[in-house]
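J.:
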Amino acid sequence: MSVPLLRKAKSSPALQPAPAAAAPAVRQVEVGPEHDGQRLDNFLLRLCKGVPKSHIYKAIRGGEVRVNRGRAAADHRLAAGDLIRVPPLRVPEARPAFVPAGEFPVVFEDDALLVIDKPAGVAVHGGSGVDFGVIEQLRAARPQARFLELAHRLDRDTSGLLMVAKKRSALLGVHQSLRDGGWRKHYLALVAGDWVNDRQHIRQPLTKWTTRSGERRVRVDPEGQPAHTIFTLRRRFGAFSLLDAELKTGRTHQIRVHLASAGFPIAGDDKYGSDDANARLARRGFRRMFLHAHTLALPHPLSGEPLALEAPLPPECTRLLEELAVP
C-alpha cells in the first residue's frame, strides 16, 4: 500500500512576518565652531528635537552619551572639534509641518547679528498651537546659515525690533549685555484713556498664571517677580494717549499688564484691553494691538561698538494716529 507523500504547504505572502523597523543607530557628531562653549545638555536638546528632556538627561547620567570617548556631565562645556557619541533616542512619530521660507525687513545685519522689523500677528517661534514662527521661517529662507537663534522675544501681536544671533558667541554676548543692564529698549504704545503724568515709573511685581482653558496670563502680584517700566507721554488724543515705554526689566507681558493695572490698557489688546475701546477702533478698521518695539540701543556683542536701532511705526498705526488727531 503506497503512502501519499506529504507536501510542504507554501506560505502565503500575507502570513510572512513584517520586516522589523530599523532601530535608531548610534551617531558620532562633531561639534562645529558655532556651538563652541555650549553646554552638553543644550547641544543635545537642539540636536535631538522631539526627544523628551528626561530621556536625554537619563542618557547623560547613564554614560550613554560620551564626549571624546569619555563620560561628561550635563553642564559640560563643549569645544569645537569635540566628538559626541549620541545613543539611540527614539523620537515620537510626528507629521512634519511645512515651513515656508520667510524674509522680513532688515534693520541691521552683519556676520554676527540680524535685526528685523517683525510684523504684528507673527509668532517669533513655533509651539503652543503654532506650527512655525519667525525663526523657523528665517532658517528655511537661509539654509546655508549654520546658526540662527532668537536673542530675545516679542509677543505675537507686538511689532518691531527683533534680534537674531548668527553666531553662538554673539548670542552669549547679547545675553550678558542684557544681564548687565546694557540695553535701552523703548516701545510705543497707544492706550485707552487720557494719561496724566508726563513721566511715570511703574514698579509692580508680576506673576504668570494659566486660565482654565490653558491660556497663559500675567497679573500684578506682591509675591511675583520685580518689574519696572518707565512711561513717557508722547501725545494726547482725548480718549487715547500715545506713550513711550522703556523696559527696565523684561518680564512676560510686562508693558501690557503694567498699563492695564494702571487703568490705561493698550489699544487693541485682546487679553488685557478694553472691549469698548477695542470695538471703537475696530470700527475704524484697526484690528491689532498698538504696541511697537521702536528703538533699541546696546553694545555690539562682539566688537563692543554702540548700536542704535530704530523701526518706524507700521503704516496702520501711523494712519490711526492721523485719524485720531483730526478734531
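Numbering (the UniProt record's numbering) for the sequence shown: 1 to 327.
Even for Gly, the Cβ is constructed at its ideal location relative to N, Cα and C.
1) Could you tell me how far apart the beta carbons of G268 and F240 are, in whole angstroms, since I believe they sit closer than 8 Å?
2) Please check the pair D111 and K49, which I expect to be a contact at CB under 8 Å, by giving their CB distance rounded to whole angstroms.
3) Just to confirm, are Q254 and L309 a CB contact at a threshold of 8 Å?
4) What does the Cβ neighbour count give for H201, buried or exposed, with the cut at 16 atoms within 10 Å?
5) Who are the near neighbours of R288 in its chain, counting only those whose CB is closer than 6 Å to its CB and skipping five residues on each side?
6) Leaving aside the five residues before and after E64 along the sequence, list all residues of the same chain whose C-beta is less than 7 Å from its C-beta, in chain order.
7) If you follow the alpha helix (DSSP H) that F43 is in, where does it begin and where does it stop?
8) In whole angstroms, what is the alpha-carbon distance linking R95 and F132?
9) Where G193 and E246 are concerned, what is the direct C-alpha to C-alpha distance, given to the nearest angstrom?
10) Do L148 and R142 have their C-beta atoms within less than 8 Å of each other?
11) Can you tell me the Cα-Cα spacing of residue 328 and N42, whole angstroms?
12) Let me know if R236 comes out buried or exposed under the rule of 16 or more other beta-carbons within 10 Å of its beta-carbon.
13) Along the beta strand (DSSP E) that carries T207, what are the first and last residues, could you check?
14) To the nearest angstrom, report how far apart E215 and R203 are at their CA atoms.
15) Tell me where the beta strand (DSSP E) around H228 begins and ends.
16) With a threshold of 16 other CB atoms inside 10 Å of the CB of E305, please say whether the residue is buried or exposed.
17) Under a Cβ-count criterion, where at least 16 other Cβ atoms within 10 Å of its own Cβ denotes burial, should Q28 be classed as buried or exposed?
18) With a threshold of 16 other CB atoms inside 10 Å of the CB of A22, please say whether the residue is buried or exposed.
19) P299: which of Q176, V218, Y187 sits nearest, CA to CA?
20) Which one of F290, V174, R66 has the shortest CA to CA distance from E30?
21) Among the residues of its own chain, which have a CB less than 7 Å from the CB of V174, if the five just before and after it don't count?
22) Under three-state DSSP, which class holds V134?
23) What residue range does the alpha helix (DSSP H) around G160 cover?
24) When you measure from the CB of T249 to every non-hydrogen atom of the ligand NAP, does any distance come out below 7 Å?
25) L307 to L89, Cα distance in whole Å?
26) Considering only residues of the same chain and omitting the five flanking positions on each side of R199, which have a CB-CB separation below 6 Å?
27) Just verifying my parser: in three-state terms, what is the DSSP assignment at V106?
T.: Let me lay it out:
1) That belief does not hold up - the Cβ atoms of G268 and F240 are roughly 11 Å apart, past 8 Å.
2) That belief does not hold up - the Cβ atoms of D111 and K49 are roughly 26 Å apart, past 8 Å.
3) If you check the CB distance, Q254 and L309 do not come in under 8 Å.
4) exposed
5) A120, G268
6) P87
7) 40-47
8) A caution first: R95 carries a pLDDT of 49, below 50, which makes its placement in the model unreliable, though a value can still be read off. R95 and F132: Cα-Cα distance of roughly 14 Å.
9) 19 Å
10) yes
11) In the structure displayed, the chain extends from 1 to 327; residue 328 sits before or after that span and is not available.
12) exposed
13) First-last of the beta strand (DSSP E) with T207: 206-210.
14) 25 Å
15) 228-236
16) exposed
17) exposed
18) Model confidence at A22 stands at a pLDDT of 48, short of 50, so the residue's coordinates are unreliable; what they give is reported in the following sentence. That one is exposed.
19) Q176
20) R66
21) A151, M163, A165, P301
22) helix
23) Segment 159-165 is the beta strand (DSSP E) holding G160; no alpha helix (DSSP H) there.
24) This structure lacks the ligand NAP, and indeed carries no ligand of any kind.
25) Cα atoms of L307 and L89: separation of roughly 43 Å, rounded to the nearest angstrom.
26) T232
27) strand
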